[in-house]
Each structure stands twice: as C-alpha cells, then as structure tokens.
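In what follows, a single structure is set out as structure tokens and then discussed.
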Amino acid sequence: MGGSGAGGSGGGDALCPTTFTFVPPAGASAPRVPGEWQGFDLATAPVMSGPDAGGVYKATVLLPPGLHGYKLVYQDAGGGTQWILDPAQGRRKYLGGIENSAVKVRDCNLPTLSVKTTKASRTAPGQGAFTADLGYVDGADASGADAAGFEVTLLEDGTKQPLAAPLVTVSPEGNVQLALAGLADGKYRVTLRPRSKSGRVGEPVHLPFWIEAEPFSWNDAVVYMVLTDRYRDGDPSNNAPPTPGADARGDWKGGDLVGLRQSIEEGELDKLGIRAIWLTPFQTNPVDAYLAADGVHKVTGYHGYWPIKAREVDPRLGGPDALRALVKAAHAHGIRILQDYVVNHVHSEHEYFKSHPAWFRTGCVCGTANCDWTAKALECLFADYMPDINHSVPEANAQFVDDAVWWLDEFDLDGLRVDAVKHVEELATRNLSVEVRETFEKAGTHYFMMGETAMGWNDCGDPCNDENYGTIARYIGPFGLDGQFDFVLYHGVSYRTFAYGDKGMLHADYWTQHGLQKWPKNAVMTPYIGSHDTPRFVSLADYADGDRGIPGNQWDNTALAPSDAVPYERMRVAMAWLLALPGAPLMYYGDEYGQWGGADPNNRLMWRPENGLSAEEKATLTFVRKLGTARQAIPALRRGEYVSLARRRTRSSSGESSRARRGRSSRSRGRARRRR
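Numbering-wise (numbering that gives the first Met the number 0), the sequence shown opens with residue 0 and increments by one.
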C-alpha cells in the first residue's frame, strides 16, 4: 500500500529505486503495479512478490525523479481483474482524463537527511530548548558527505541566521545533531541542506517548532477571520483611490495588514482568546471593477478572491514587508496565521491564465441555464471573468501546490484555509495536503488544513442529511484536510435556534452531538455563527420577528442597525454556545461586538474600535472577551468532553444509577457544556 522513492546507484542520470507495497483483499491473487512508465500495459506490469508474514506484497521499480501515476491490479476470488487506486497513497494524478494514484520520486542523485528524533521543551520563560538528530543518506554517486559544506540556518522573529558548532554538530559521516537552548517563547524554524563530496546539494529539510508554556492544539483554537481590507487602516499611504464604475459598497476601503498587526500588538485579539487568524487572500487582485452576480453593480477584488499574481502580496494591503511584520507580531503572541488559498479559480488577468491557458476551463457560469452548481461543480465558472483551474492537468496542479508551499515557506505561515473545496478535483486537496505535511511537519509541528465545502441541512432524521455530512467529510482524512466548516450545524442550529428562536436548546444539543458522531475521527471541525458569506448574526436576529428576507438583500432595502437590545442579547447567548463547542470555532471580525449588516457586501462593513461602539455593542464586546478568556483559562471548555446536563439531571433525580448514566448514548439531548 503506497510507494516511496529511495536513493540508488547509477550516476548523474540515475533512475531511483521506488518500492510499492500492497495488502490485497482476502481471496485476491497476482497483484501488479501498472503505471505510466510502461503505458499501464497489464502484460508488462511489474509483478509484486509476497506475501510476507504480514500479508504484504512488494515490487521495486526504477523511475526517474518526478510524479508518476499508477494503479494497483489484482485478480479477485472470481477470477476478475480489479484496477484500484492505492488506498495508502496520498497523491493522485490524472492521465488522459483518468484519475490514478501517484508516487513522488525524489532525486536520488542528491544527498538527503532523515529525521530520527526532535524535541522542543520549555522549563520556564526564556528557557526553551530544541534538540534534533538527523541521519545522512548518500546520493546515487556514493561520494560521501561534505560535512563542512552543510548549510544550517535558524529562522527566528522573521530573521534567518546561520547555525554552527556547538549548536549544530555534523559528523564526518554527515549525521547531524542540534542542541539549542535559552529560547524565548515563539516560533522557530531550523532549515538544513546537506552537501556531498561531489558537490551535490540536497533539498532543504525544514524543522519548524514552537516554544510555549502550553502545547498548542488546533482542536481547541478560536479562529478569527479577518477580511483585511475591511478591518483596520493602519497605513493610509497604501490606500487605493476610488475605482471608476465601482459601487462604493464593493470598493476598497483601506484596511491593511498594518492595521491588523497593530491590533495584535495592542492585545486586542488576546483579550478575545484568539489563537489563530484566517486572513482572506492577500495575493494581488485586479485594479478595475467587474460586474457583481446581479449583473448590475460593479465591485472590485478588495476581498482578495480574484488573484492576478501567483506570488505577490497586494500593495494595497501593505505588500510583503507588512505581511512579514504581521506574522512576526502574531507569533510573538502565540497566534497562528492561516492563508486563505484559492484553488478553484483565478481572475482572467492572472499571469498563469495568460501564459498557460490550457490549465484552465472557460465554460458556463455556475447557476445559469444548464449549468447547475452541483452537476457542473468541477467545471462551472463563478463568473465569466474567473477562469476555472483544471487540476486534472498535472502541470497546473503541480504549480498551485508549489505556490502554496512557497507562501508557507517564504512568510512562515502556519497553514491554509482552502477555498471552494467541492468545486475542485479531490486530488487538489490531497496533493496539497500531502506536500505541506511532508515539507513542514518533520519536527512534529502541525500545519492546519481547513476547508470550505458549502452544504446545507434538512430538518429530518437519518439518513436525510447523509449527503451533507458525506460531501463535507469526503475531503477530511490523513491524506486530506484536517477539518472543514460545519455548514450542517450552521444551517441547522446557529441562526434557527439563536437568532430566530424557531428551535430550542434541545434541538441545538441534538444536532451538535449528531455531528460529533458523523464527522470522521480526529476531524477538527469549525462551527460558526457568521462569516463573510452570510448575513451578520445580529441582523438575522433583528429581523427574526419581521421580514426575514431583508438581511439577505444585497443592494436595495438592506438591513439597518438594530434599534433595541434583543438582537445583541441573542448574539451574546449564541457566542456563549459557540465558544463552548468542541473543535476550532470561528469568530468573524466584528462579531465580537455584534456588528450588524445584511448579505455581501453589507456583511463586510469596516471594523470599529471600542471607542466607536454603541452601549449594546460595548456590552457584547465585554461579554465575548470574558468568554474568550474563560475558554483559554479553563481547559474543560476547550478540551473537555461534551456533556448534556439537562438529561443527566433528569436521570439523577429519577434514581438512575451513575453507572447506568455513564452507559447511556452520548446522543442525549438537553443543555450542554464541556467538561474535563
């Protein structure tokens, strides 16, 4: 199950021995590995030998460096020939429109370092330590290690510095030992590149690690979503002038990375218990305005989802220096940074669309005649000026994976929020996730992969929501994403219970626990009550007893600011529920004080500081700060078991034994809290 490239012999153009393993199902026989290297010809496909004592079959094939597609084939008990994807292989590759498993063969001509052990520890502030032990693996020419030619650097506070003895020791055989001490809290990254006596330099080995008082877990982190242009204007000198033809509500407003950094440094996010920030895309977007979905109003790419450059930070957001300074400030506060990475589309002005048009689809627009959002999910365009990335083209997929790794490396980011997952081939998230993990997780620091797969909720029992759960869960797993936004819980509970009051707490508890059972094991799901794609919660609550359609209006008859306290009271209850849920709950910028607004673009009004808030907004902010502080201070609120209190109390009062109560299903209904 799976394939791996290894070093071999043969000189500068050596083929690299690549071993494939497979445990076929019971009754199967004659397993083989046909691949693109021999045209998938079954008659000449390498035959796997075995089984060994563990039932494993193996085959070794000499392959050049690169990504190679293959299938596993066996004869079933009835004599039929079965072609399957390798269940233990993360990568995929399309060839001739057919999806295959894929193995990435590293260049065995180059020396490599294998990571044996790593350990980060902290006994007191300023007393962090990191140790690592790496073994040298020679290249194909077997020339041996050039110990003096090894390159070892430490990235600290955004600055790289070389490491030398006694902090790093390289033996004559090329084995490496690291021993760093006296480290302050924060994020670090050691990068090593081995060198052989023949002058070949190996690929970099990255070892990111954190020094912090309490080990971080994505499974309890509160994630703050920032639409950068609408957050805070920290540097007016980079503001864009009004865009000709654009509706002012859909134009640039001046928020930037500098403004967000200032809020971090002032402790604004610490007060909310924020542990991670999801930044909307910061790649350069076009200058002009384009038609919105209504075909009438024109809007700009202030939101970042229309990239025209692959590796450039938009100067209107502050450029690369502002992003580096932001990451440095966030890491100093123990806050992780997630890049919103767009894998479904680009803007028609994108450099890749101009230079590689074959990488993209240009067809019907999603939601128009004969172009259903679901039926045409992989090929329809979000707008006619947004070419769709075709990940079945190997070169296209490889480039977007490489670009993502470049961003994570260049700016020391901590993970990705992957946009519009169900609108791309599954290999887009698989190949991306595997590459990120192999590149950055060798020291045990996890890089978070959060996805967005928009689905709904049906008010009925099993199995009528299985499609919703199944579509979202499909992309989660060891070769995919860590988790996704919990659209089912949002549509089933977030506004129906807490904004509208149509459903009660028993309903909220039931669907919370229902989801906990439905999502894959170890999935880190993100519950939320609002985002850049939904009307603001406070406005949903404000119109709950009136015309509920108004918050959904975009351009005319739009939502206004609430005139009484009730929407804010409902907001506070909803936030209390949200910040006690398992997973990595999302706080949309401004929701901490109850920002109002209808659908896009009205849900993207400028963030306001505390001195610009109303009395009810200040009360909401104070309350949410207490919730965020409590979640960080009380482990049970973020890492404890989810328990329904009302049903437990009912059973206790009826004389049910504690043992019987413990044996009951976790699907009990009632008010709920977390406990250790």
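Each residue gets a CB set at the ideal place from its N, CA and C atoms; glycine is no exception.
Rounded to whole angstroms, what is the Cα-Cα separation between residue i and residue j?
{"i": "Cys-15", "j": "Ala-101", "result": "15 Å"}
{"i": "Arg-615", "j": "Ala-564", "result": "One detail in the question is off: residue 615 reads as Glu in this sequence, not Arg. Approximately 6 Å, taken between the alpha carbons."}
{"i": "Pro-33", "j": "Ile-263", "result": "54 Å"}
{"i": "Asp-219", "j": "Val-642", "result": "16 Å"}
{"i": "Asp-551", "j": "Asn-602", "result": "Sequence inspection shows Gly at residue 551; the Asp mentioned does not correspond to that position. Rounded to the nearest angstrom, the two C-alpha atoms are 10 Å apart."}
{"i": "Gly-198", "j": "Gly-469", "result": "51 Å"}
{"i": "Pro-608", "j": "Trp-405", "result": "34 Å"}
{"i": "Glu-591", "j": "Ala-579", "result": "15 Å"}
{"i": "Phe-39", "j": "Lys-103", "result": "17 Å"}
{"i": "Gly-479", "j": "Asp-339", "result": "16 Å"}
{"i": "Thr-17", "j": "Arg-360", "result": "34 Å"}
{"i": "Leu-61", "j": "Arg-90", "result": "19 Å"}
{"i": "Thr-621", "j": "Gln-631", "result": "16 Å"}
{"i": "Leu-559", "j": "Leu-488", "result": "26 Å"}
{"i": "Phe-410", "j": "Ala-309", "result": "14 Å"}
{"i": "Tyr-328", "j": "Gly-266", "result": "A small correction: the amino acid at residue 328 is Ala; Tyr does not occupy that position in the sequence shown. Those two C-alpha atoms are separated by around 10 Å."}
When you compare each of the options to residue i by their alpha carbons, which one comes out closest?
{"i": "Cys-107", "options": "Asp-137, Arg-194, Lys-617", "result": "Asp-137"}
{"i": "Trp-595", "options": "Leu-612, Leu-580, Leu-290", "result": "Leu-612"}
{"i": "Val-298", "options": "Gly-244, Ile-336, Thr-279, Tyr-489", "result": "Gly-244"}
{"i": "Ala-374", "options": "Val-423, Phe-359, Val-523", "result": "Val-423"}
{"i": "Ala-382", "options": "Lys-441, Gly-300, Pro-235", "result": "Gly-300"}
{"i": "Gly-173", "options": "Ala-573, Gly-545, Gly-201, Arg-429", "result": "Gly-201"}
{"i": "Tyr-509", "options": "Trp-518, Gly-491, Leu-41, Thr-525", "result": "Gly-491"}
{"i": "Asp-686", "options": "Ser-432, Trp-372, Leu-316", "result": "Any property of residue 686 remains undetermined from this structure, which presents the chain solely from 0 to 675."}
{"i": "Ala-395", "options": "Val-420, Glu-409, Leu-426, Leu-604", "result": "Leu-426"}
{"i": "Gly-77", "options": "Met-605, Glu-213, Ser-28, Phe-536", "result": "Ser-28"}
{"i": "Asp-293", "options": "Pro-581, Leu-604, Trp-554, Pro-23", "result": "Trp-554"}
{"i": "Arg-105", "options": "Gly-157, Ala-13, Met-570", "result": "Ala-13"}
{"i": "Ala-419", "options": "Glu-378, Val-435, Leu-407, His-445", "result": "Glu-378"}
{"i": "Ala-212", "options": "Ala-331, His-67, Thr-361, Cys-370", "result": "Ala-331"}
{"i": "Arg-416", "options": "Tyr-384, Pro-534, Pro-280", "result": "Pro-280"}
{"i": "Pro-676", "options": "Ala-180, Gly-185, Val-392, Arg-194", "result": "An answer regarding residue 676 cannot be provided, because it is not within the stretch 0 to 675 covered by the chain."}
Mind checking whether residue i and residue j have CB atoms under 9 Å apart?
{"i": "Trp-456", "j": "Phe-486", "result": "yes"}
{"i": "Asp-246", "j": "Pro-561", "result": "no"}
{"i": "Tyr-230", "j": "Tyr-567", "result": "no"}
{"i": "Gly-254", "j": "Asp-287", "result": "no"}
{"i": "Ile-276", "j": "Tyr-223", "result": "yes"}
{"i": "Leu-626", "j": "Gly-272", "result": "yes"}
{"i": "Val-341", "j": "Gln-282", "result": "yes"}
{"i": "Thr-452", "j": "Tyr-474", "result": "yes"}
{"i": "Leu-259", "j": "Leu-325", "result": "yes"}
{"i": "Ala-583", "j": "Val-623", "result": "no"}
{"i": "Ala-128", "j": "Thr-116", "result": "no"}
{"i": "Glu-150", "j": "Tyr-187", "result": "no"}
{"i": "Pro-692", "j": "Ala-25", "result": "There is simply no residue 692 to check, as the chain begins at 0 and stops at 675 in what is shown."}
{"i": "Gly-597", "j": "Thr-557", "result": "yes"}
{"i": "Phe-447", "j": "Trp-217", "result": "yes"}
{"i": "Ser-274", "j": "Arg-315", "result": "The amino acid at residue 274 is misidentified as Ser; the sequence shows Arg. Cβ distance not < 9 Å, so Arg-274 and Arg-315 don't count as in contact."}
{"i": "Gly-333", "j": "Asp-184", "result": "yes"}
{"i": "Ala-146", "j": "Pro-110", "result": "no"}
Would you say residue i reaches chain B, if we count a Cβ-Cβ gap shorter than 9 Å as a contact?
{"i": "Asp-371", "result": "You won't find chain B in this structure, because it holds only one protein chain."}
Helix, strand or coil for residue i? Go by DSSP, reduced to three states.
{"i": "Gly-654", "result": "Residue placement at Gly-654 cannot be trusted, given a pLDDT of 38 that sits under 50; the coordinates are not used to answer."}
{"i": "Thr-649", "result": "Confidence in Thr-649 is poor, its pLDDT being 47 and thus under 50, which makes the residue's placement too unreliable to answer from."}
{"i": "His-506", "result": "helix"}
{"i": "Trp-217", "result": "helix"}
{"i": "Phe-439", "result": "helix"}
{"i": "Gln-594", "result": "coil"}
{"i": "Phe-497", "result": "helix"}
{"i": "His-390", "result": "coil"}
{"i": "Gly-185", "result": "strand"}
{"i": "Lys-375", "result": "coil"}
{"i": "Ala-147", "result": "helix"}
{"i": "Tyr-474", "result": "coil"}
{"i": "Glu-640", "result": "strand"}
{"i": "Ala-558", "result": "coil"}
Using DSSP bridges, identify the partner residues of residue i.
{"i": "Val-114", "result": "Leu-133"}
{"i": "His-205", "result": "Thr-190"}
{"i": "Cys-15", "result": "Leu-62"}
{"i": "Ser-99", "result": "For the record, residue 99 in the displayed sequence is Asn; it is not Ser. Looking at the DSSP assignment, Asn-99 forms a beta bridge with Lys-92."}
{"i": "Pro-161", "result": "Thr-152"}
{"i": "Ile-210", "result": "Gly-185"}
{"i": "Gly-482", "result": "Met-449"}
{"i": "Lys-297", "result": "Leu-290"}
{"i": "Tyr-587", "result": "Met-224"}
{"i": "Phe-410", "result": "In the DSSP output, where bridge partners are listed per residue, Phe-410 has none listed."}
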